[in-house]
Ligand code: 5AD
Ligand code: SF4
């Protein structure tokens, strides 16, 4: 039996690729490893275990994994600091999608496990310890719920945290691998989420970002035995004392239901910044993508959200060069962007993913056309982002102070719109939401001053 003492502390290095869900999963992996005596190390060099928590969403994302495995080969040839061999694991969505294939392409890999099986890590490690040289693949979607097998206690540092409430996706957009790598939609029960949120708040967390591949399709069982929507869950979380801010990502326009839109109007804690991917402004392309809504339906959803919460800002995801996309259809995307006005966005060239319906569609768009469209779209989105950021100068914004700044006496926090905000102030303000007058903008950061504290705040400070 391994004791958690200094003499047999082992070092694990986890490298995370891709979305926030992977960031959350990496934290939880570390928590399952701690009882085995593992501690996190910032460098792969000298570690006893290196885990690559991978992303498969676009081709570039998965290519990175194989080049990193190549680089690690050399470090693996040397002994770990503890004198043993470095174990190498591939986790996450590439592991799920490629399974055994990874062991063939990368002979130095010891373990491959998917996003639904990392609660079995201790078992995999124990087996690897016992039967050194036995290589293992765990990519079945298990019948048990991994959340029931993860340590209850989360160990976080900092004032913001991710909290997974939903996983998987049943939407099957034709370009996307997620329904295959993360499986079908599963929502965690309300009580488990509230418990996790309470635990985070007790550790000083003031903002949680609720995560799910399709987070607003959330339909977990509530304490009343009924299915709760995300809007209802947000209402319950907003009542937790000490939890100042709630965010959620990533949403699908189809699941923006009345209850969630109303929650945006009613809950000051629900931040007025929403990531709502639209992908395209062309109805024909949206249908070919199987997005199940039109461009005008998206416009109407945004109108309703803005009516509920007038200071709401939006960000989105776009794909250019989906198979068969014409110049005129791309122009419709530009028109949608112009109509809506986004505070920030992510845009991607369409990348065919093996096994997805779009990957076998005719009329692939040439790479050079994709590049031109991406540049045109980015130019428009960047201009909108800059305009939005400029519009914040002169405003008074609530800022959640997160950490000390670069120089003594400086602090950094985040606006409701996730912009970094730099102010002068003392460390006791960390973890508090402070009204700040924004004076200037430098690249993507805002600079401001603490507005006069209310008498109540002064009493606390
Ligand atoms: N090609 C390009 N972009 C993609 N995305 C998902 N799959 C693909 C693909 N095959 C983008 C979508 C999604 C974001 C997370 O990644 O815009 O919203
Ligand atoms: Fe992928 Fe579409 Fe599901 Fe989002 S909604 S995860 S893009 S299939």
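Numbering (my numbering), first residue to last: 729 to 1189.
All C-beta atoms in this analysis are idealised placements derived from N, C-alpha and C, irrespective of residue type, glycine included.
What first and last residue would you give for the beta strand (DSSP E) that runs through residue i?
{"i": "residue 1120", "result": "Counting along the chain, residue 1120 falls outside any beta strand (DSSP E), though it belongs to the alpha helix (DSSP H) covering 1095-1120."}
{"i": "residue 1074", "result": "1072-1077"}
{"i": "residue 818", "result": "815-819"}
{"i": "residue 777", "result": "777-782"}
{"i": "residue 1001", "result": "1001-1003"}
{"i": "residue 1139", "result": "1138-1142"}
{"i": "residue 744", "result": "738-744"}
If I'm right that residue i touches residue j with Cβ under 8 Å, what's the distance once you round it to whole angstroms?
{"i": "residue 1010", "j": "residue 1023", "result": "7 Å"}
{"i": "residue 1132", "j": "residue 1138", "result": "7 Å"}
{"i": "residue 1042", "j": "residue 1002", "result": "6 Å"}
{"i": "residue 972", "j": "residue 1161", "result": "5 Å"}
{"i": "residue 948", "j": "residue 921", "result": "7 Å"}
{"i": "residue 783", "j": "residue 746", "result": "3 Å"}
{"i": "residue 872", "j": "residue 896", "result": "About 15 Å; that fails the 8 Å criterion."}
{"i": "residue 825", "j": "residue 905", "result": "6 Å"}
{"i": "residue 916", "j": "residue 893", "result": "6 Å"}
{"i": "residue 1109", "j": "residue 1061", "result": "That belief does not hold up - the Cβ atoms of residue 1109 and residue 1061 are roughly 11 Å apart, past 8 Å."}
{"i": "residue 1178", "j": "residue 1159", "result": "Rounded, the Cβ-Cβ distance is 15 Å, inconsistent with contact."}
Considering only DSSP beta bridges, list what residue i is partnered with.
{"i": "residue 931", "result": "According to DSSP, which records beta bridges pairwise, residue 931 is partnered with nothing at all."}
{"i": "residue 890", "result": "937"}
{"i": "residue 864", "result": "839"}
{"i": "residue 1126", "result": "1163"}
{"i": "residue 1061", "result": "Looking at the DSSP assignment, residue 1061 forms no beta bridge with any residue, so it has no partner."}
{"i": "residue 976", "result": "938"}
{"i": "residue 1176", "result": "1166"}
{"i": "residue 1131", "result": "1140"}
{"i": "residue 949", "result": "955"}
{"i": "residue 998", "result": "974"}
{"i": "residue 883", "result": "Paired residues: none, contrary to the question."}
{"i": "residue 1007", "result": "1046"}
The alpha helix (DSSP H) with residue i in it runs from where to where?
{"i": "residue 1215", "result": "Lying before the first or after the last residue shown, residue 1215 is absent from the chain, which here runs from 729 to 1189."}
{"i": "residue 869", "result": "It is not in any alpha helix (DSSP H) - residue 869 carries neither H nor E in the DSSP assignment."}
{"i": "residue 1041", "result": "Note, residue 1041: premise wrong, no alpha helix (DSSP H); beta strand (DSSP E) at 1041-1048."}
{"i": "residue 768", "result": "Where residue 768 is concerned, there is no enclosing alpha helix (DSSP H), although the beta strand (DSSP E) it sits in stretches over 766-768."}
{"i": "residue 986", "result": "986-994"}
{"i": "residue 790", "result": "787-805"}
{"i": "residue 1148", "result": "That residue, residue 1148, is in no alpha helix (DSSP H); its beta strand (DSSP E) goes 1148-1152."}
{"i": "residue 830", "result": "828-833"}
{"i": "residue 959", "result": "958-966"}
{"i": "residue 1222", "result": "Lying outside 729 to 1189, the shown extent of the chain, residue 1222 is not represented and no answer is given."}
{"i": "residue 900", "result": "It is not in any alpha helix (DSSP H) - residue 900 carries neither H nor E in the DSSP assignment."}
{"i": "residue 875", "result": "Taken as a continuous stretch (DSSP letters only), residue 875 belongs to no alpha helix (DSSP H), as it is neither H nor E."}
{"i": "residue 1030", "result": "1023-1036"}
Short of 7 Å in beta carbon distance, which residues of its chain neighbour residue i, apart from the five on each side in sequence? Order them along the chain.
{"i": "residue 847", "result": "760, 874, 877, 878"}
{"i": "residue 741", "result": "769, 771, 772, 775, 778"}
{"i": "residue 980", "result": "899, 942, 944, 945"}
{"i": "residue 992", "result": "998, 1033, 1036, 1037, 1040"}
{"i": "residue 1113", "result": "1071, 1072"}
{"i": "residue 1058", "result": "1048, 1101"}
{"i": "residue 870", "result": "844, 845"}
{"i": "residue 982", "result": "1020, 1021"}
{"i": "residue 1012", "result": "1057"}
{"i": "residue 786", "result": "1076, 1079"}
{"i": "residue 883", "result": "759"}
Going by beta carbon distance, what residues of the same chain come within less than 6 Å of residue i, once the five residues before and after it are set aside?
{"i": "residue 976", "result": "938, 943"}
{"i": "residue 1172", "result": "none"}
{"i": "residue 1034", "result": "1040"}
{"i": "residue 864", "result": "839, 852"}
{"i": "residue 1045", "result": "1005, 1074"}
{"i": "residue 834", "result": "797"}
{"i": "residue 1214", "result": "Any question about residue 1214 goes unanswered here, given that the chain covers just 729 to 1189."}
In its own chain, which residues sit with a C-beta less than 8 Å from the C-beta of residue i, not counting the 5 before and 5 after it?
{"i": "residue 850", "result": "760, 761, 763, 764"}
{"i": "residue 988", "result": "944, 957, 958, 959, 962"}
{"i": "residue 743", "result": "772, 778, 779, 780, 781, 796"}
{"i": "residue 1169", "result": "1117, 1118, 1120, 1121, 1175"}
{"i": "residue 1127", "result": "1141, 1142, 1143, 1149, 1151, 1161, 1162, 1163, 1164, 1176"}
{"i": "residue 954", "result": "none"}
{"i": "residue 757", "result": "742, 779, 781, 819, 846, 849"}
Any beta carbon from chain D within less than 8 Å of residue i's own beta carbon?
{"i": "residue 1014", "result": "The structure shown contains no chain D; it holds only a single protein chain."}
With a threshold of 8 Å, are at least 3 pairs of Cβ atoms found where one atom belongs to the segment 1148-1161 and the other to the segment 912-927? With fewer than three CB-CB distances shorter than 8 Å, the segment 1148-1161 does not count as touching the segment 912-927.
Looking at C-beta atoms only, is the number of pairs between the segment 813-824 and the segment 738-756 that lie closer than 8 Å three or more? Contact holds: three or more Cβ-Cβ distances are below 8 Å.
Counting Cβ pairs closer than 8 Å, one from the segment 880-894 and one from the segment 851-858, do we hit at least three? At 8 Å Cβ cutoff, the stretches do not touch.
Touch test, the segment 1049-1062 against the segment 1073-1082, Cβ-Cβ under 8 Å, three pairs minimum: The segment 1049-1062 vs the segment 1073-1082: in contact.
Any residues whose CB sits closer than 6 Å to a heavy atom of ligand 4? List them in chain order? Annotation note on ligand 4: not contained in the displayed structure, which lists ligand 1 and ligand 2 as its ligands.
Counting pairs of beta carbons, one from the segment 1091-1109 and one from the segment 1016-1031, are three or more of them closer than 8 Å? With the cut-off at 8 Å, the segment 1091-1109 and the segment 1016-1031 do not touch.
Do three or more CB pairs link the segment 792-801 to the segment 754-768 at distances below 8 Å? Contact annotation: the segment 792-801 does not touch the segment 754-768, with fewer than three C-beta pairs closer than 8 Å.
Check whether the segment 1083-1092 and the segment 1064-1073 are in contact - that is, three or more C-beta pairs closer than 8 Å. Counting Cβ pairs under 8 Å, fewer than three are found: no touch.
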